[in-house]
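Q: Please read through the structure below; I'll follow up with questions.
In our numbering, the protein residues as written are 314 to 584.
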């Protein structure tokens, strides 16, 4: 497996090295659950291959040095994680972070306790979503800072331990941006549409692949204006704000992922 990823990275070397002289925008090191570890890994002519377990990690140039960019799982309780950088192990210290509770009331009880047919649908949709979120497309990284996909108040709901009708459910793995139904949603940076669909919980959904395991997701749309495989530039329209799926009103659920791991969009969004 590692050899396969090494071959992928070999395809990057010339293109990524050519971009090495240009500093890339990146957020700060945020080594907590749901955060992003940004690790200086040297200044060689070519980007080192970085893995966590058997998964490749993003490598980008910043201030004329290479940096590994790693999403940290929201549910981790570990105090450290170990990256493999070329032929060496690099230990990264993590810090703890507590997240609050959120209690919501949903009128449609099937969104709290789905029936058998709905569970089968949810399982099939989960496979589509997981495949898109775990894609690793070996292209040079030009940074991970994001523009705002839609204008509106941003919630601080990432990581909240959620209860629907007093039933505990998975923590919230995104940011909710309040906006009126029909407001345009745009790509926050260039990418390729890796999946679209009308999903049980997420409603109308678009997933964008920005390369090297960096993925963004847009849920509850009223309309989808892109197709799978379509390349987008920053600012191009994806769809419109809606209230499809499990929602209490119109808004955009905005998810950001690195190496298949949900990370807090607030870390990535430009002010």
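Beta carbons: idealized from backbone N, C-alpha and C, even for Gly.
(1) I need the boundaries of the beta strand (DSSP E) containing residue 490, first residue and last residue.
(2) Can you name, in chain order, every residue of its own chain whose Cβ lies under 6 angstroms from the Cβ of residue 580, other than the five neighbours on each side?
(3) Jot down the residue ranges of each uninterrupted alpha helix (DSSP H) in the segment 411 to 448, minimum 4 residues, whole runs only, in chain order.
(4) Tell me which residue opens and which closes the alpha helix (DSSP H) that residue 579 is part of.
(5) I believe residue 554 touches residue 493 by the beta-carbon criterion, under 8 angstroms. Please report the beta-carbon distance rounded to the nearest angstrom.
(6) Going by DSSP, what residue range makes up the beta strand (DSSP E) through residue 521?
(7) Skipping 5 residues on each side, what residues in its chain have a beta carbon closer than 7 angstroms to that of residue 334?
(8) Hey, how far is the Cα of residue 440 from the Cα of residue 423?
(9) Going by C-alpha to C-alpha distance, which of 582, 564 and 560 sits closest to residue 570?
(10) Look at the alpha carbon of residue 560 and the alpha carbon of residue 470, and state the distance between them as a whole number of angstroms.
(11) Over the uninterrupted beta strand (DSSP E) stretch that includes residue 528, give me the two end residues.
(12) How many angstroms separate the CA atom of residue 410 from the CA atom of residue 435?
(13) Taking the alpha-carbon positions, what's the residue 317 to residue 572 distance?
(14) Is the CB-CB distance between residue 529 and residue 562 below 9 angstroms?
(15) Taking the alpha-carbon of residue 476 as reference, which of 512, 417 and 406 has the nearest alpha-carbon?
(16) On the criterion of 16 or more Cβ atoms from any shown chain inside 10 Å, does residue 525 qualify as buried, or is it exposed?
(17) Taking 6 angstroms as the limit between beta carbons, can you name the residues of its chain near residue 574, skipping five residues before and five after?
(18) In the DSSP assignment, the beta strand (DSSP E) including residue 507 goes from what residue to what residue?
(19) Whole angstroms is fine: what's the gap from residue 380's alpha carbon to residue 356's?
(20) Which residues in the same chain have their Cβ closer than 8 angstroms to the Cβ of residue 511, if we skip the five residues on either side of it in sequence?
A: Here's the rundown:
(1) Numbered from 1 along the chain shown, position 177 holds the residue referred to as residue 490. Residues 488 to 490.
(2) Within the chain shown, residue 580 is the residue found at index 267, counting from 1. Hits under 6 angstroms: 340, 343 and 349.
(3) As far as the segment 411 to 448 is concerned, its whole alpha helix (DSSP H) runs of at least 4 residues are 429 to 446.
(4) In the chain shown, counting from the first residue as 1, residue 579 sits at position 266. In the DSSP annotation of this structure, the continuous segment of the alpha helix (DSSP H) that includes residue 579 starts and ends at 578 to 581.
(5) Start at 1 with the first residue of the chain shown, and residue 554 comes out as number 241. Start at 1 with the first residue of the chain shown, and residue 493 comes out as number 180. Confirmed, about 7 angstroms.
(6) Your numbering for residue 521 matches position 208 in the chain shown. Annotation for residue 521: the continuous beta strand (DSSP E) segment containing it runs 516 to 522.
(7) Counting from one through the chain shown, the residue named residue 334 turns up at place 21. Because residue 334 carries a pLDDT of 37, less than 50, the predicted location of this residue cannot be relied on, and the following value inherits that uncertainty. Excluding sequence neighbours, residue 334 sits near 377.
(8) As a working mapping, residue 440 is identified with position 127 in the chain shown. As a working mapping, residue 423 is identified with position 110 in the chain shown. Taking the CA atoms as reference points, residue 440 sits about 20 angstroms from residue 423.
(9) The count along the chain shown starts at 1 and reaches residue 570 at position 257. Nearest option by C-alpha distance: 582.
(10) Counting from 1 along the chain shown, the entry for residue 560 is found at position 247. Counting from 1 along the chain shown, the entry for residue 470 is found at position 157. Between residue 560 and residue 470, the C-alpha separation is close to 14 angstroms.
(11) Taking the first residue of the chain shown as 1, we reach residue 528 at position 215. In the DSSP annotation of this structure, the continuous segment of the beta strand (DSSP E) that includes residue 528 starts and ends at 527 to 534.
(12) Your numbering for residue 410 matches position 97 in the chain shown. Your numbering for residue 435 matches position 122 in the chain shown. Taking the straight line from one Cα to the other gives about 30 angstroms.
(13) The residue labelled residue 317 in the question sits at position 4 within the chain shown. The residue labelled residue 572 in the question sits at position 259 within the chain shown. In this prediction, residue 317 has a pLDDT of 49, which is less than 50 and means its spatial position is unreliable; what the coordinates show is noted afterwards. Rounded to the nearest angstrom, the two C-alpha atoms are 16 angstroms apart.
(14) Reading the chain shown from its first residue, position 216 is the one you call residue 529. Reading the chain shown from its first residue, position 249 is the one you call residue 562. No, the pair does not count as a contact, with Cβ atoms beyond the cut-off.
(15) By 1-based counting over the chain shown, the position of residue 476 is 163. Cα-wise, what sits closest to residue 476 is 417.
(16) Position 212 of the chain shown holds residue 525. If you draw a 10 Å sphere on the C-beta of residue 525, you find 16 or more other C-beta atoms in it, and that means buried.
(17) By 1-based counting over the chain shown, the position of residue 574 is 261. The answer, listed in chain order, is 384 and 386.
(18) To locate residue 507, count along the chain shown from 1; it is residue 194. Residues 504 to 512.
(19) Position 67 of the chain shown holds residue 380. Position 43 of the chain shown holds residue 356. For residue 380 and residue 356, the distance between alpha carbons rounds to 9 angstroms.
(20) In the chain shown, counting from the first residue as 1, residue 511 sits at position 198. Cβ within range, chain order: 517, 518 and 557.
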